[in-house]
Structures are given as C-alpha cells and as structure tokens.
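Notes follow the structure.
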Amino acid sequence: MMSSRSRSLVVFASLAVVMTLFGFLVGRMSVSQHPQQPIQATAPKTAPAVVKASPPAAEAVVPPESTEDEAAALASVKEPPPVERTKPEVVRAARAEEPIPVVVPPAGPSVSSASEGEKPDPDEVLKAKGLSRSGRVYVLASDDAIRTKEVEEFRQVQAEWERIAARMAQLVNTAAKQQKLLQAWEYECRQGYQAMAGLQAKQLERNQLRNQASTETTQKGTQNSIGDKTADLTDAAERNQWQILQRRNMSLEYQASELQFQLIQAQREYDQLGSMALAKEAEIQKRQAALILTEESVQKRYDDLANDRQVIAALADLNRDADLKFALGPVENYRANVSKMLSGLLQSKDLHASSKGKKLVVGLDQNVNSLAFQTTTFEDRLGSALSKQKDQQREDESRPKKREELAASVQRLEDQVANATQATRKAQLSAQLAGARAELANLQRDEVEGEEVRKKLAENVATNRDGYVQNVIALRKAVDLSQEKHDQLETDPTVKKAKSRLKATVVPLPKGALDILKKAEKLIQTVEIPVEADKTAFQVDAILNGQSQKLVVDPTIDVIRLSKAIAAELEIELSEDAPEFDLVMEDGRTLRAKRTTIKSLAVGPFLTPDVECLVVLNDYDAPPVLGANFLNQFSYKFDPTAGKLTLTQVNILPKTKPSERSRSSK
Numbered sequence: 001m002m003s004s005r006s007r008s009l010v011v012f013a014s015l016a017v018v019m020t021l022f023g024f025l026v027g028r029m030s031v032s033q034h035p036q037q038p039i040q041a042t043a044p045k046t047a048p049a050v051v052k053a054s055p056p057a058a059e060a061v062v063p064p065e066s067t068e069d070e071a072a073a074l075a076s077v078k079e080p081p082p083v084e085r086t087k088p089e090v091v092r093a094a095r096a097e098e099p100i101p102v103v104v105p106p107a108g109p110s111v112s113s114a115s116e117g118e119k120p121d122p123d124e125v126l127k128a129k130g131l132s133r134s135g136r137v138y139v140l141a142s143d144d145a146i147r148t149k150e151v152e153e154f155r156q157v158q159a160e161w162e163r164i165a166a167r168m169a170q171l172v173n174t175a176a177k178q179q180k181l182l183q184a185w186e187y188e189c190r191q192g193y194q195a196m197a198g199l200q201a202k203q204l205e206r207n208q209l210r211n212q213a214s215t216e217t218t219q220k221g222t223q224n225s226i227g228d229k230t231a232d233l234t235d236a237a238e239r240n241q242w243q244i245l246q247r248r249n250m251s252l253e254y255q256a257s258e259l260q261f262q263l264i265q266a267q268r269e270y271d272q273l274g275s276m277a278l279a280k281e282a283e284i285q286k287r288q289a290a291l292i293l294t295e296e297s298v299q300k301r302y303d304d305l306a307n308d309r310q311v312i313a314a315l316a317d318l319n320r321d322a323d324l325k326f327a328l329g330p331v332e333n334y335r336a337n338v339s340k341m342l343s344g345l346l347q348s349k350d351l352h353a354s355s356k357g358k359k360l361v362v363g364l365d366q367n368v369n370s371l372a373f374q375t376t377t378f379e380d381r382l383g384s385a386l387s388k389q390k391d392q393q394r395e396d397e398s399r400p401k402k403r404e405e406l407a408a409s410v411q412r413l414e415d416q417v418a419n420a421t422q423a424t425r426k427a428q429l430s431a432q433l434a435g436a437r438a439e440l441a442n443l444q445r446d447e448v449e450g451e452e453v454r455k456k457l458a459e460n461v462a463t464n465r466d467g468y469v470q471n472v473i474a475l476r477k478a479v480d481l482s483q484e485k486h487d488q489l490e491t492d493p494t495v496k497k498a499k500s501r502l503k504a505t506v507v508p509l510p511k512g513a514l515d516i517l518k519k520a521e522k523l524i525q526t527v528e529i530p531v532e533a534d535k536t537a538f539q540v541d542a543i544l545n546g547q548s549q550k551l552v553v554d555p556t557i558d559v560i561r562l563s564k565a566i567a568a569e570l571e572i573e574l575s576e577d578a579p580e581f582d583l584v585m586e587d588g589r590t591l592r593a594k595r596t597t598i599k600s601l602a603v604g605p606f607l608t609p610d611v612e613c614l615v616v617l618n619d620y621d622a623p624p625v626l627g628a629n630f631l632n633q634f635s636y637k638f639d640p641t642a643g644k645l646t647l648t649q650v651n652i653l654p655k656t657k658p659s660e661r662s663r664s665s666k
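In full-length UniProt numbering, the protein residues as written are 1 to 666.
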C-alpha cells in the first residue's frame with residue numbers, strides 16, 4: 001500500500017512530465033508552422049530554458065522506493081535534454097574559431113541539420129588569418145606594403161642617390177677639362193713672360209751698343225743716321241710686340257682667375273653632394289636591411305599559413321567545383337621580387353650578374369679589361385711605328401752611298417756621250433744618261449723630303465708611346481681600385497648574405513689583364529730628372545761624348561743645337577763634305593749651320609747613341625739646347641714649376657715583318 005505522501009509525489013511527477021511533454025509538442029508545432037522562426041533572437045533563448053527545467057525534475061524525483069510506473073515516468077523526463085544540448089555546443093565551437101559570432105540559418109526544419117548550416121565562411125576564416133583577396137590570390141597586408149610602399153620608397157631613395165652620383169661625375173669631368181685648360185693658359189703665360197724678358201734684354205743690349213756707338217761717333221766727329229733709324233724701327237717693333245704680349249698675358253690671367261673661382265665653386269658643390277651621397281648610401285643600406293628582414297618574416301608567415309589546417313580547409317571550400325583556383329600568397333612571384341631586390345642591392349655595390357648565370361662581376365673589372373685591351377692595341381701600334389721608323393733610318397743611311405754611285409754613273413755617261421762617234425751608240429748613251437739624271441734628281445728630292453718624313457714618323461712613334469704609357473698608368477690605378485673593391489666586398493656582411501641567398505659567386509680579377517699589366521710594367525722605366533732655372537731658361541745636366549754639359553730644355557726646338565765652340569770642346573766632328581744650310585733662329589736671324597752626329601748623349605740613366613745635332617757656324621755663343629729629337633725618344637713631361645723633367649722609356653722592339661721572322665728562325 002502506498003502512503004499518502006508517496007501518492008502525492010507520484011501525482012506531482014506525473015503532472016511535471018505532462019507539462020514538459022506539452023511544452024515540447026507546442027514548440028515542435030510552432031517550428032513546423034513557421035520555418036523562418038529560428039532566425040529570430042527567441043530561438044537561442046528557448047534552449048537554455050528547457051535545459052534548465054529538466055535537471056531539477058531528474059534530481060528531485062528519486063524516492064528510496066519506486067515502482068515501475070515511477071521509473072518509467074522518470075525515464076520519460078530524461079529523454080528531451082540530449083536533443084536540446086547539441087545546439088549550445090555548436091555555437092561555442094563556432095565562437096572559439098571565430099571571434100565575431102556568425103548566425104547561420106538551418107538547412108532544413110530538423111534540429112540535426114542546423115550544425116551543418118553554421119559552418120564558417122572560408123573568406124571570413126582567411127580574413128581572420130590576416131589575408132586579403134587580390135584577384136584570385138590571398139596575400140598578407142605586409143606583403144602589399146612591401147610591394148607598394150616600402151619598395152617604392154626604396155626606389156625613390158636609390159634614384160636620388162643616382163642623380164647625386166651623376167652630378168658628381170659631371171662635376172669631375174668638367175673640372176678635369178677646366179684644369180687642363182688652366183694649365184695650358186699658365187704655360188702660355190710663362191712663355192709670354194719669358195718672351196717679354198727676352199725683348200727687354202735685347203732692348204737693354206741695343207741701348208748699351210747705341211751708347212757705345214754714340215761715344216765713338218762723338219770722338220770721331222761722324223754720324224750714322226742709317227744705323228740709328230734701323231735701331232729705332234727695331235725698338236718700335238719690339239715695343240709693339242711687348243705690348244701685345246702684355247695684353248695677352250693680362251687677358252689670360254683674368255680668364256685663369258675666373259676659371260679658378262669656378263673650380264672652387266665646383267669643389268664646394270662636390271663636397272656638399274658627397275655628404276648627401278654618403279647619407280643616401282646609408283639610408284639605402286638601412287632600407288635594404290629592413291626590406292630583407294621584412295621579407296624573411298613575411299615568407300615565414302606564408303610558410304606557416306601554408307601548413308595551417310583552417311587555411312587549407314578554407315581554400316579547399318573556395319576551390320570546390322571552381323575552374324580557376326584560389327591560391328595562397330604570391331610565393332614564387334614574391335621570391336622573384338626578392339631575388340630582384342637582392343640583385344639591385346648587389347648592383348649598388350658594383351656587382352653585376354654575368355651572362356653565365358650565378359656569376360657576379362665587379363663593375364670596375366670591366367674598366368680593367370677595357371684598359372688592358374687599349375694597352376695591347378697601343379703596344380701593337382707602337383711596334384709598327386718603330387718598324388717604319390727603322391726602315392726609314394736604313395733608307396737614309398743607304399742614300400748617300402747611292403747618291404755617290406749615281407753621280408759617278410752620270411759623270412761616266414757624260415764622258416761616254418762626249419766621246420761617242422757613232423750616232424746610234426751616242427743615242428743609246430744619251431738615253432741612259434737621261435735615266436741616270438732622273439734617278440739622281442728623284443734621290444735628291446727624297447733627301448729634301450726626308451726631313452719631313454722623319455718628323456712625321458717620330459711624331460707617330462711619340463704619340464703611340466705616350467698612349468701606351470698613359471694606358472699602363474691608368475691600368476695600374478684601375479687594378480688597384482678593383483682589388484680594393486674586391487677586398488671590401490669579401491668582408492661586406494650584406495653582400496655575403498645576398499650572395500648566399502642567390503647562390504652566386506664573385507668572379508676574381510681578370511687574370512689576362514693582370515698578365516698584360518705585369519708585362520707592360522717590366523717594359524717601362526720612369527725617372528725624374530731635376531731641372532735648374534737660369535734666368536728665363538731651364539737647364540739639365542747631361543753627358544755628351546763622355547763629357548759633362550748643361551743643356552737648355554726646349555721641346556719647341558726640333559734638333560739639338562750646339563755652337564761651334566762647344567762642339568769643338570766636346571770633340572764633335574764636322575765633316576768638310578757636309579753641306580751648309582741656312583738656319584732661321586727664334587729672333588728672326590738667319591745663321592749658317594751644319595748637320596752632324598753626337599756619338600753618345602746621356603740624360604739621367606738613359607744613354608742614347610748616334611744622336612743628330614746642328615752646329616751653328618756663325619758667331620753664336622748661346623748655351624746648347626736639348627731639342628725634341630732626343631726628348632721624343634721618351635714619353636716625357638717637362639714641368640718647370642716643379643723643377644723636374646720626367647722621362648719614361650718604353651723598351652718595345654720594332655714589329656718584325658713575316659719575312660724577317662722566317663729568316664731569323666732559319
């Protein structure tokens with residue numbers, strides 16, 4: 001028998017079960033009649049209310065003794081909660097994945113299909129990962145910043161540096177031209193002042209002679225009006241010439257001062273630009289380093305996202321049934337951009353990619369190769385010029401003997417024609433005589449023109465010798481600069497990192513150019529010889545035929561010039577058969593002179609045998625002059641201001657002809 005308390009509990013539990021079932025049926029009916037109702041805010045509120053109502057009923061109705069009906073009633077109370085518990089679990093999972101709640105409508109009227117409808121949007125998942133859509137590619141915001149803002153700013157800074165460097169190079173080239181022009185003007189001024197001093201000395205000498213003549217005339221009681229008029233005309237002409245030289249020098253000095261002011265202004269601008277260039281270089285390196293670090297972090301982020309399950313799933317959902325697939329980040333394009341940026345970094349360090357792939361060539365090495373090629377070109381030209389000069393010397397040496405033979409042949413034929421009795425024989429001899437005379441005339445004409453030919457050949461040799469020496473000097477400077485650049489790049493950490501990322505190596509200094517330089521430097525010997533100033537002239541110590549003698553250095557004089565007295569002291573022989581000729585002096589006088597040869601002439605360590613010279617026969621007591629025929633055997637630089645004469649000897653042999661090589665090989 002059940003007690004009244006037990007019956008009350010059973011009735012209360014039965015009423016609770018009936019009320020619960022009634023509420024559940026009413027909810028099912030409302031869903032079936034109104035399918036869009038779960039979108040409203042009331043849908044989430046009903047679930048917690050039902051969940052909260054069920055536990056008290058389950059926990060409160062557990063009597064110590066229960067019947068089968070009571071157990072069935074309790075079991076019927078526990079059935080609804082598991083169905084209602086699935087909804088809050090899906091919502092929490094979605095919120096854990098997505099910081100912003102997303103309400104997704106159910107696919108159908110059943111409760112079980114609601115979990116599939118709440119699957120997150122792939123585009124929202126990718127946005128939550130920091131990716132934004134660019135066409136069919138999802139990229140990071142930092143990637144866009146690098147490809148747009150940071151790279152553009154870097155290029156602007158680099159362009160500014162290039163403009164500054166171009167202006168500095170322009171200033172250097174202009175300054176070099178102006179400096180060369182200034183040196184030419186200064187040399188012309190010195191020459192003008194020397195000429196003015198010479199005119200004053202002549203004026204003083206004439207005044208002394210005039211005073212002496214006037215004294216003698218007074219004593220003798222005679223006059224020399226013709227001589228006085230000539231002297232007056234000479235004074236007037238030289239005074240006019242002196243004034244012309246003075247005006248010219250004043251004009252040159254004014255132009256030189258203006259040019260020096262321009263050089264000073266250019267130097268100031270160059271210094272300012274140099275400071276700006278250094279600042280821009282520092283900024284470029286700083287931006288390059290920052291870009292590389294940003295690139296590494298971005299690349300690492302792309303690598304992490306490529307292995308992210310949510311990103312993989314989101315891309316898979318986007319690409320499902322899609323013809324044109326979506327992709328994560330421009331990885332390959334980005335790496336190509338980074339490679340281009342690293343190449344730009346290396347180019348700013350004067351490293352350039354070669355045509356052979358992963359080889360980097362230092363820009364200065366290209367200048368080294370160019371100068372090495374020019375050096376070999378000048379060496380070949382110099383050898384050819386020396387060969388032509390040697391051939392001309394052989395022809396000049398054989399010409400006197402040939403002239404004597406032709407003259408003897410003409411004399412013999414003339415005698416034979418005079419003694420011939422038969423007309424036929426006389427006609428034959430006359431024809432031979434005419435040919436011999438024509439050949440002798442041609443030979444004499446060649447002798448007259450030979451001086452001009454020798455002069456042109458000597459100028460050709462001097463030009464190619466100077467070009468060879470200057471190219472060797474420039475090649476040495478270029479090699480030293482390039483070697484210094486190689487050493488800097490070897491220890492530059494930025495270059496090391498860029499080479500490592502690009503898997504590139506730096507090509508060493510070109511061995512062929514180094515071999516050319518090594519050979520050329522062995523062929524060249526340079527000596528600086530002191531020059532002593534004597535009034536308006538500059539003298540150098542020399543040894544002629546084993547005797548010491550001071551010579552005035554004057555490159556404008558073609559051939560070494562000696563007075564007859566000094567030639568006798570130096571035991572320089574004058575042949576009686578050597579022809580005399582008129583020699584026009586710098587002051588306009590015409591003196592008689594003979595051509596001869598100095599057995600040996602040494603200036604500094606350089607000894608030259610058989611040097612041509614002119615001996616002035618008249619009353620000529622000027623000091624001996626070292627002319628161009630000796631200086632042109634060297635590459636020389638005459639600097640009176642510094643008081644030195646620089647002689648550079650090039651020991652290149654004349655180029656051998658193929659026939660001569662074959663004979664020497666036999």
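Cβ atoms here follow ideal geometry from the backbone N, Cα and C, with glycine treated the same way.
### CB of Leu429 within 8 angstroms of CB of Gln416, strictly
Remark: C-beta atoms of Leu429 and Gln416 approach each other more closely than 8 angstroms.
#### Entry: Rounded distance between the beta-carbons of Lys550 and Pro654, thought under 8 angstroms
With a Cβ gap of about 33 angstroms, Pro654 and Lys550 do not count as contacting.
### Query
Is it right to say Leu475 is buried, meaning 16 or more other beta carbons lie within 10 angstroms of its own, or is it exposed?
buried
### Query
CB Gln178 to CB Leu259, shorter than 8 angstroms?
In contact: Gln178 and Leu259 (Cβ atoms closer than 8 angstroms).
### Query
Helix or strand or just coil, what does DSSP make of Ser563?
Strand.
### Task
Please name the residue in Met250, Arg155, Gln158, Phe373 whose C-alpha comes closest to that of Arg190.
Met250
#### Entry: Contact set for Ser257: own chain, Cβ-Cβ below 7 angstroms, skip 5 residues either direction
Around Ser257: no qualifying Cβ.
### Task
On the DSSP bridge assignment, give the partners of Asp610 in chain order.
Paired residue(s): none; Asp610 is not in a bridge.
### Message
Less than 8 angstroms between the beta carbons of Ser343 and Ala327, yes or no?
### Response
It is not a contact, given that the beta carbons lie outside the stated cut-off.
#### Entry: 8 angstroms Cβ cutoff met for Tyr636 and Leu647
Result yes, Cβ atoms of Tyr636 and Leu647 sit closer than 8 angstroms.
#### Entry: CB contact check: Glu414 to chain B, cutoff 8 angstroms
In the displayed structure, chain B is absent; only one protein chain is listed.
### Task
Please state whether DSSP places Tyr302 in a helix, a strand or coil.
helix
### Query
What residues are listed by DSSP as bridge partners for Val581?
Just to set this straight, residue 581 is Phe in the shown sequence, not Val. DSSP lists Ala593 as partners of Phe581.
### Cβ neighbours of Lys594 in the same chain (closer than 6 angstroms, five flanking residues each side left out)
Leu574, Ala578, Glu580, Val615
#### Entry: CA-to-CA distance, Ser134 to Gly329, given in whole angstroms
9 angstroms
### Message
Could you tell me the alpha carbon to alpha carbon distance between Tyr187 and Glu586, rounded to whole angstroms?
### Response
18 angstroms
### Buried/exposed call for Ser500, threshold 16 Cβ in 10 Å
exposed
### Message
As a quick exercise: from Val584, Val552, Asn545, Tyr620, pick the residue whose alpha carbon is nearest that of Ile598.
### Response
Asn545
### Query
What's the gap between the Cα of Ala504 and the Cα of Glu283?
25 angstroms
### Message
On the DSSP letters alone, give me the boundaries of the beta strand (DSSP E) that Gln649 sits inside.
### Response
644–650
### Task
Count the other CB atoms, across all protein chains shown, that sit within 10 Å of the CB of Val461; report buried if there are 16 or more and exposed otherwise.
That one is buried.
### Task
Go ahead and pull the three-state DSSP assignment for Leu544.
strand
### Query
At a cut of 8 angstroms, does the region 521–541 reach the region 555–567 through at least three beta carbon pairs?
no
### Query
Name the DSSP beta bridge partners of Asp534, please?
Ala537
#### Entry: Rounded C-alpha distance that separates Glu295 from Phe261
50 angstroms
### Task
Out of Leu345, Ala408, Lys202, Ala306, point me to the one whose CA is closest to Phe154's CA.
Minimum Cα-Cα distance from Phe154 among the listed residues Leu345, Ala408, Lys202, Ala306 corresponds to Leu345.
### Query
What's the C-alpha gap between Val507 and Asp610?
51 angstroms
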